[in-house]
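According to the working numbering, the sequence shown holds residues 85 to 629 in order. We put the CB at the ideal spot given by N, CA and C, even for glycine. These notes are about the structure you will find just below.
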Amino acid sequence: MKIAPKSHSKKPDYSQLSQAELVSLLLQKDASLAQRDAGIKQRDTEIKQRDTEIKQRDAYIERLEEIIRLQKVQRFAAKSEKQPFQITLFDEAELDNAIDDLIDEIPEDSLSQELAQTKQSRQRQRGFSAALNRIRREICLSDDEKAGATKTFFTKVKEELEFIPAQLNVIEVWQEKAVFESSTGEQIIGAKRPPHPLGKCVATTSLLAYIITSKYADGLPLYRLDGMLARLGHEIGRNNMANWIIRLDDVFKPLINLMREQQNLGCYIQADETRIQVLKETGKTAQSDKWMWVTRGGPPDKPSVLFDYDPTRAGHVPARLLEGFSGVLQVDGYSGYGQVCRELDITRIGCWDHARRKFVEAARGAAPQKGKGKSNKGTPPKADVAIGKIRKLYAIESKIENLNESEKYTVRQELALPVLQDLKAWLETNHPKVPKDSLTFKAIQYTLNQWESLVAYCDHGFVHISNALAENAIRPFAVGRRNWLFADSSRGANASATCYSLIETAKANGLEPSGYIQYVLDHIADANTLEKLEALLPWNMPKAD
Numbered sequence: 085m086k087i088a089p090k091s092h093s094k095k096p097d098y099s100q101l102s103q104a105e106l107v108s109l110l111l112q113k114d115a116s117l118a119q120r121d122a123g124i125k126q127r128d129t130e131i132k133q134r135d136t137e138i139k140q141r142d143a144y145i146e147r148l149e150e151i152i153r154l155q156k157v158q159r160f161a162a163k164s165e166k167q168p169f170q171i172t173l174f175d176e177a178e179l180d181n182a183i184d185d186l187i188d189e190i191p192e193d194s195l196s197q198e199l200a201q202t203k204q205s206r207q208r209q210r211g212f213s214a215a216l217n218r219i220r221r222e223i224c225l226s227d228d229e230k231a232g233a234t235k236t237f238f239t240k241v242k243e244e245l246e247f248i249p250a251q252l253n254v255i256e257v258w259q260e261k262a263v264f265e266s267s268t269g270e271q272i273i274g275a276k277r278p279p280h281p282l283g284k285c286v287a288t289t290s291l292l293a294y295i296i297t298s299k300y301a302d303g304l305p306l307y308r309l310d311g312m313l314a315r316l317g318h319e320i321g322r323n324n325m326a327n328w329i330i331r332l333d334d335v336f337k338p339l340i341n342l343m344r345e346q347q348n349l350g351c352y353i354q355a356d357e358t359r360i361q362v363l364k365e366t367g368k369t370a371q372s373d374k375w376m377w378v379t380r381g382g383p384p385d386k387p388s389v390l391f392d393y394d395p396t397r398a399g400h401v402p403a404r405l406l407e408g409f410s411g412v413l414q415v416d417g418y419s420g421y422g423q424v425c426r427e428l429d430i431t432r433i434g435c436w437d438h439a440r441r442k443f444v445e446a447a448r449g450a451a452p453q454k455g456k457g458k459s460n461k462g463t464p465p466k467a468d469v470a471i472g473k474i475r476k477l478y479a480i481e482s483k484i485e486n487l488n489e490s491e492k493y494t495v496r497q498e499l500a501l502p503v504l505q506d507l508k509a510w511l512e513t514n515h516p517k518v519p520k521d522s523l524t525f526k527a528i529q530y531t532l533n534q535w536e537s538l539v540a541y542c543d544h545g546f547v548h549i550s551n552a553l554a555e556n557a558i559r560p561f562a563v564g565r566r567n568w569l570f571a572d573s574s575r576g577a578n579a580s581a582t583c584y585s586l587i588e589t590a591k592a593n594g595l596e597p598s599g600y601i602q603y604v605l606d607h608i609a610d611a612n613t614l615e616k617l618e619a620l621l622p623w624n625m626p627k628a629d
């Protein structure tokens with residue numbers, strides 16, 4: 085027979101307790117329950133705090149992963165800003181039809197020439213440039229091969245492009261002198277020597293032009309250029325070349341100042357700035373940032389691109405560069421331009437390239453979408469949607485690039501403004517829906533903060549949608565900077581700014597930089613009047629026969 089085990093837990097007997105003891109016992113139990121509830125609440129608070137910290141950590145990790153993905157793309161992937169969803173975000177045929185309808189409303193006599201120029205520019209160019217020198221080389225039959233022939237003739241069978249290697253020559257300058265007899269003795273008169281821009285210098289103007297063009301147009305550092313010239317027969321020394329370039333800065337300065345005055349007489353200037361490392365700058369370390377500024381503008385038929393070095397990025401720098409200018413200034417979102425716009429009453433417009441680039445960076449840094457196969461395109465990320473909407477604006481600009489100012493203004497008012505209104509509504513709707521501190525959030529916030537200046541290009545027919553021309557002008561400097569890395573002193577940085585100004589201004593006016601710089605070097609020593617100096621401006625260059 086099984087016996088049930090005795091229970092070890094006995095029910096407490098409260099029958100013998102007094103009322104006071106029962107009350108005390110109840111109070112103890114209430115205190116114990118309250119303490120347990122407080123512990124539970126504290127534990128819940130700690131759990132919530134821990135969950136918040138985990139969410140913050142996950143968000144921080146997500147931002148870091150976003151930045152890492154962007155850095156990988158920027159370092160290893162193609163540099164194009166095209167995105168996979170761009171084509172599918174809107175029907176470009178509708179845009180073409182809308183622009184064609186507006187163009188149809190423009191009188192044909194004012195548009196036919198523009199369309200003819202567009203058609204002509206799109207035609208494929210065949211053969212070599214007509215500007216190249218042509219040399220005829222004949223392949224002849226031998227006397228035996230043509231013996232008994234009734235006649236012979238030549239046919240052109242092909243064209244080849246020949247390269248003639250550079251060479252160094254030593255120019256011996258002999259000066260003719262005449263001796264005249266007089267009562268006081270002999271008098272000698274020598275032929276007038278052409279002045280050299282550097283006075284006593286062993287380099288001809290052609291060599292100086294070659295050195296400047298090689299470094300500042302082709303991005304060759306002087307040590308590499310010195311090796312190239314040594315292979316041609318003479319080692320010049322990079323210190324000598326650097327010294328010539330620095331000395332030429334004072335020679336070119338009056339011409340650069342005249343270009344600056346001419347540029348500020350125009351109604352439209354684009355400006356940008358980029359970093360430059362200068363090792364020896366008073367009051368600054370070698371590692372600190374210094375700045376190369378660039379402005380592009382001037383009258384439409386007299387464009388100039390001017391570089392200027394300054395160790396600071398303060399607002400007084402653009403105020404100095406734009407002194408006397410009153411018109412439209414196109415820049416990025418840097419606040420330093422606000423001071424000069426207020427002081428000089430300059431109209432400021434923004435750059436859509438900068439806004440679009442932030443969305444491109446956000447799209448490149450976005451995490452890959454899960455469960456997205458080739459057949460299922462899925463929903464594009466918000467950054468891609470924004471890029472597609474911005475792309476509509478660029479599509480409009482590509483269609484109207486050959487129209488005149490009034491026609492561009494009309495098309496922008498009719499087509500671009502509705503696209504801008506739709507884009508702003510989308511930005512305002514999605515701004516609170518994306519994680520803060522994400523690249524997409526920063527791109528949306530930047531665009532909304534700059535909105536007034538970004539849409540201002542529609543108010544003018546002569547301005548561009550972006551600051552691309554200034555960025556393109558500063559790109560050769562960025563390429564050269566990767567090769568020669570830094571400037572030794574502020575004098576070298578200023579000389580570099582002067583050389584870049586001459587080269588990029590020549591290119592903006594359709595001139596070959598080396599030929600223009602040599603022309604300036606050949607004549608600037610004699611340019612002792614304003615008229616002679618103005619003759620050296622690129623738009624006053626005599627046309628070659």
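As assigned by DSSP and simplified to three states, the class of residue i
{"i": "residue 206", "result": "Low local confidence applies: a pLDDT of 44 at residue 206 is under 50, so the model's placement there is unreliable, with the coordinate-based value given in what follows. Helix at residue 206."}
{"i": "residue 627", "result": "coil"}
{"i": "residue 379", "result": "strand"}
{"i": "residue 598", "result": "helix"}
{"i": "residue 119", "result": "helix"}
{"i": "residue 268", "result": "coil"}
{"i": "residue 620", "result": "coil"}
{"i": "residue 393", "result": "strand"}
{"i": "residue 273", "result": "strand"}
{"i": "residue 244", "result": "coil"}
{"i": "residue 537", "result": "helix"}
{"i": "residue 135", "result": "helix"}
{"i": "residue 356", "result": "strand"}
{"i": "residue 572", "result": "strand"}
{"i": "residue 406", "result": "coil"}
{"i": "residue 419", "result": "coil"}
{"i": "residue 431", "result": "strand"}
{"i": "residue 374", "result": "strand"}
{"i": "residue 337", "result": "helix"}
{"i": "residue 401", "result": "helix"}
{"i": "residue 492", "result": "helix"}
{"i": "residue 388", "result": "strand"}
Residue i burial status per 10 Å Cβ neighbour count (16 or more: buried)
{"i": "residue 528", "result": "buried"}
{"i": "residue 578", "result": "buried"}
{"i": "residue 406", "result": "buried"}
{"i": "residue 107", "result": "exposed"}
{"i": "residue 113", "result": "exposed"}
Alpha carbon of residue i to alpha carbon of residue j, nearest angstrom
{"i": "residue 619", "j": "residue 608", "result": "10 Å"}
{"i": "residue 177", "j": "residue 300", "result": "Confidence at residue 177 is low in this model, with a pLDDT of 48, below 50, so its placement is unreliable and the value that follows should be read with caution. Going from the Cα of residue 177 to the Cα of residue 300 covers about 43 Å."}
{"i": "residue 340", "j": "residue 582", "result": "7 Å"}
{"i": "residue 536", "j": "residue 512", "result": "14 Å"}
{"i": "residue 115", "j": "residue 151", "result": "53 Å"}
{"i": "residue 630", "j": "residue 532", "result": "Past the boundaries of the shown model lies residue 630; the chain is included only from 85 to 629, so the question cannot be answered."}
{"i": "residue 202", "j": "residue 491", "result": "Only weak support exists for where residue 202 lies, its pLDDT of 49 falling under 50; the value from the coordinates is given anyway. Their Cα atoms are separated by approximately 15 Å."}
{"i": "residue 175", "j": "residue 472", "result": "Per-residue confidence for residue 175 stands at a pLDDT of 48, beneath the threshold of 50, marking its modelled position as unreliable; the derived number appears in the next sentence. About 11 Å."}
{"i": "residue 233", "j": "residue 227", "result": "10 Å"}
{"i": "residue 371", "j": "residue 252", "result": "39 Å"}
{"i": "residue 386", "j": "residue 593", "result": "7 Å"}
{"i": "residue 415", "j": "residue 614", "result": "32 Å"}
{"i": "residue 257", "j": "residue 285", "result": "13 Å"}
C-beta atoms of residue i and residue j nearer than 9 Å
{"i": "residue 236", "j": "residue 561", "result": "no"}
{"i": "residue 476", "j": "residue 503", "result": "yes"}
{"i": "residue 584", "j": "residue 542", "result": "no"}
{"i": "residue 439", "j": "residue 474", "result": "yes"}
{"i": "residue 395", "j": "residue 574", "result": "yes"}
{"i": "residue 338", "j": "residue 617", "result": "yes"}
{"i": "residue 435", "j": "residue 538", "result": "yes"}
{"i": "residue 571", "j": "residue 361", "result": "yes"}
{"i": "residue 523", "j": "residue 445", "result": "yes"}
{"i": "residue 310", "j": "residue 321", "result": "yes"}
{"i": "residue 417", "j": "residue 534", "result": "yes"}
{"i": "residue 262", "j": "residue 273", "result": "yes"}
{"i": "residue 626", "j": "residue 590", "result": "no"}
{"i": "residue 482", "j": "residue 294", "result": "no"}
{"i": "residue 306", "j": "residue 325", "result": "yes"}
{"i": "residue 540", "j": "residue 441", "result": "no"}
Are the region 344-354 and the region 543-554 touching, with three or more C-beta to C-beta distances below 8 Å?
yes
So, do the region 337-348 and the region 381-399 have three or more beta carbon pairs nearer to each other than 8 Å?
yes
Contact the region 360-380 vs the region 392-403: 3+ CB pairs below 8 Å
yes
Quick test of the definition: if touching needs 3 or more C-beta pairs under 8 Å, does the region 424-440 touch the region 585-604?
no
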